[in-house]
Amino acid sequence: MFIRIITFLLLYSSAVFCGDCNFNLPYCGLSCNLDLSYRNLSNIKKLLNNDDKFVALTFDDGPSNNRVNDIINVLESYEAKATFFVLGERINKKTYEIVKKIHEAGHELGNHSWSHRKLTSLSSEEQLQELEKTNTAIKNAIKQDIKWFRPPYGCHDDNLIENTNKLNMYSILWTVDSLDWQGDKPEALVERVLSNVHNGAVILFHDHNNRSNTIEALPHIIKILKKSGYKFVTLSEWEERVCNTVKARSVTIKEGEKVRFEGMLCGQKTKSLTAEHLY
Numbered sequence: 001m002f003i004r005i006i007t008f009l010l011l012y013s014s015a016v017f018c019g020d021c022n023f024n025l026p027y028c029g030l031s032c033n034l035d036l037s038y039r040n041l042s043n044i045k046k047l048l049n050n051d052d053k054f055v056a057l058t059f060d061d062g063p064s065n066n067r068v069n070d071i072i073n074v075l076e077s078y079e080a081k082a083t084f085f086v087l088g089e090r091i092n093k094k095t096y097e098i099v100k101k102i103h104e105a106g107h108e109l110g111n112h113s114w115s116h117r118k119l120t121s122l123s124s125e126e127q128l129q130e131l132e133k134t135n136t137a138i139k140n141a142i143k144q145d146i147k148w149f150r151p152p153y154g155c156h157d158d159n160l161i162e163n164t165n166k167l168n169m170y171s172i173l174w175t176v177d178s179l180d181w182q183g184d185k186p187e188a189l190v191e192r193v194l195s196n197v198h199n200g201a202v203i204l205f206h207d208h209n210n211r212s213n214t215i216e217a218l219p220h221i222i223k224i225l226k227k228s229g230y231k232f233v234t235l236s237e238w239e240e241r242v243c244n245t246v247k248a249r250s251v252t253i254k255e256g257e258k259v260r261f262e263g264m265l266c267g268q269k270t271k272s273l274t275a276e277h278l279y
């Protein structure tokens, strides 16, 4: 157990201080051709209407052997949908049926790589193998192509974006981070998510076997957001709602006193910054 904890901390600390993890590398995605770099994704709320009250819950690092069933049960009890980014190496005889269960419950499955390695440290060929193996493992269970990819630690480079495009997937990060992996108490997670939530938020949680804080916080978060009028959608439904708004409105992010949205569209200049911290 001690070795596993040390390994976990080393992995996350390497993400925190790695200089080649570029959160804001511009890359195109969605049917409306948005730039999905972290900064622009975080600006998604600026193009939505006040009554566009929907969020996408996402869960990384599964499928776990036991916690994921609790997550599914909570979601079902509140009629909420979510997207699960799974690791290929964790799909085995024990978890194969869990992957099917996630799909059959109306949730969406995404690719989170095979082994959770920092993919920017791999060759292009190794990256592609990580993605393809995981797609195959998921597709064997649900008989459906995979549309969404989330890179471990949020680390992108040009090769990874190209490989994602080759496989006809969209790579997407998040706009609200629960930081549940830190082991904070459930009430801290509730406060963190609720204080940062916004229309069109993509909320990051984790599907970990050895932590109960996410399971304990999740019902409170969903219940409070539902009372505020929010709906909980898969990423495909999130995409549909966002792109319908983009197509219906000529909206842009703020530039001086004008409200402009040009900076979020692909093919336009977007300053690329290296993330100062990664989760």
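When the letters of the sequence shown are read in order and numbered with UniProt numbering, they come out as residues 1 to 279.
Positions of the beta carbon are idealized from the N, C-alpha and C atoms, including for glycine.
As the structure is a computational prediction, the values presented were derived from the model and not from experiment.
From residue i to residue j, what does the alpha carbon distance come to, in whole angstroms?
| i | j | result |
| --- | --- | --- |
| D158 | N66 | 36 Å |
| residue 283 | L30 | Past the boundaries of the shown model lies residue 283; the chain is included only from 1 to 279, so the question cannot be answered. |
| Y38 | L128 | 22 Å |
| N43 | T175 | 9 Å |
| T136 | I161 | 19 Å |
| G106 | E237 | 12 Å |
| C266 | E216 | 39 Å |
| N33 | V68 | 33 Å |
| K94 | N168 | 29 Å |
| S195 | E76 | 24 Å |
| E239 | S228 | 22 Å |
| E255 | E126 | Note that E255 scores 45 on pLDDT, short of 50, meaning its location in the model is unreliable; the coordinates nonetheless yield the value given after this. Each residue's Cα considered, the two are about 41 Å apart. |
| D52 | H220 | 21 Å |
| I172 | D70 | 25 Å |
| L47 | N92 | 41 Å |
| N163 | K143 | 22 Å |
Going along the chain, which residues of its own chain have a beta-carbon closer than 7 Å to the beta-carbon of residue i, five neighbours each way excluded?
| i | result |
| --- | --- |
| N192 | Here the sequence assigns Arg to residue 192, which means Asn is not the residue at that position. Here the set comprises S178 and L179. |
| P152 | H112, S113, H116, R117, K118 and L119 |
| H206 | F59, D60, D61, D180, W181 and T214 |
| D64 | The identity of residue 64 in the sequence shown is Ser, whereas the question assumes Asp. The residues are D207, H208 and N209. |
| I72 | K101, I102 and A105 |
Which same chain residues end up closer than 6 Å to residue i when comparing Cβ atoms and leaving out the 5 residues on each side of it in sequence?
| i | result |
| --- | --- |
| W114 | G88, E89, E130, K133 and T134 |
| L218 | V74 |
| Y78 | I222 |
| S124 | N159 |
| I138 | L109 and I146 |
| A141 | Y96, V99 and K100 |
| K45 | H198, N199 and G200 |
Tell me the residue span of the alpha helix (DSSP H) that contains residue i.
| i | result |
| --- | --- |
| V190 | P186 to N196 |
| A248 | L235 to A248 |
| L160 | D158 to K166 |
| H220 | N213 to K227 |
| residue 282 | Nothing in the structure corresponds to residue 282, since the chain is present only between 1 and 279. |
| E104 | Y96 to E104 |
| L41 | Y38 to S42 |
| residue 282 | The requested residue 282 does not occur in the structure, where the chain is confined to residues 1 to 279. |
Throw me the rounded Cβ distance for the residue i and residue j pair, which I believe falls under 8 Å.
| i | j | result |
| --- | --- | --- |
| G200 | F54 | 7 Å |
| N155 | C21 | Position check: residue 155 holds Cys in this sequence, whereas Asn was assumed. Yes, they are in contact, since the Cβ atoms of C155 and C21 sit about 4 Å apart, within 8 Å. |
| T83 | L235 | 5 Å |
Apart from the five residues just before and just after residue i, which ones in its own chain have a Cβ nearer than 8 Å to its Cβ?
| i | result |
| --- | --- |
| V197 | V55, V176, I203, L225 and Y230 |
| V233 | F54, V55, A56, K81 and R241 |
| K185 | N213 |
| E104 | none |
| L122 | E130 |
Starting from residue i, trace the beta strand (DSSP E) both ways and give me its first and last residue.
| i | result |
| --- | --- |
| L204 | V202 to H206 |
| N24 | Where N24 is concerned, there is no enclosing beta strand (DSSP E), given that its DSSP letter is neither H nor E. |
| S108 | According to the sequence shown, residue 108 is Glu rather than Ser. Run containing E108: E108 to N111, per the beta strand (DSSP E) assignment. |
| D61 | F54 to G62 |
| A82 | A82 to V86 |
Would you please verify whether the beta carbon of residue i is less than 8 Å from any beta carbon of chain C?
| i | result |
| --- | --- |
| N140 | Protein chain content of the structure displayed is limited to a single chain, and chain C is not contained in it. |
Do the stretch 172–180 and the stretch 201–218 make contact, defined as three or more Cβ pairs closer than 8 Å?
Yes, they touch.
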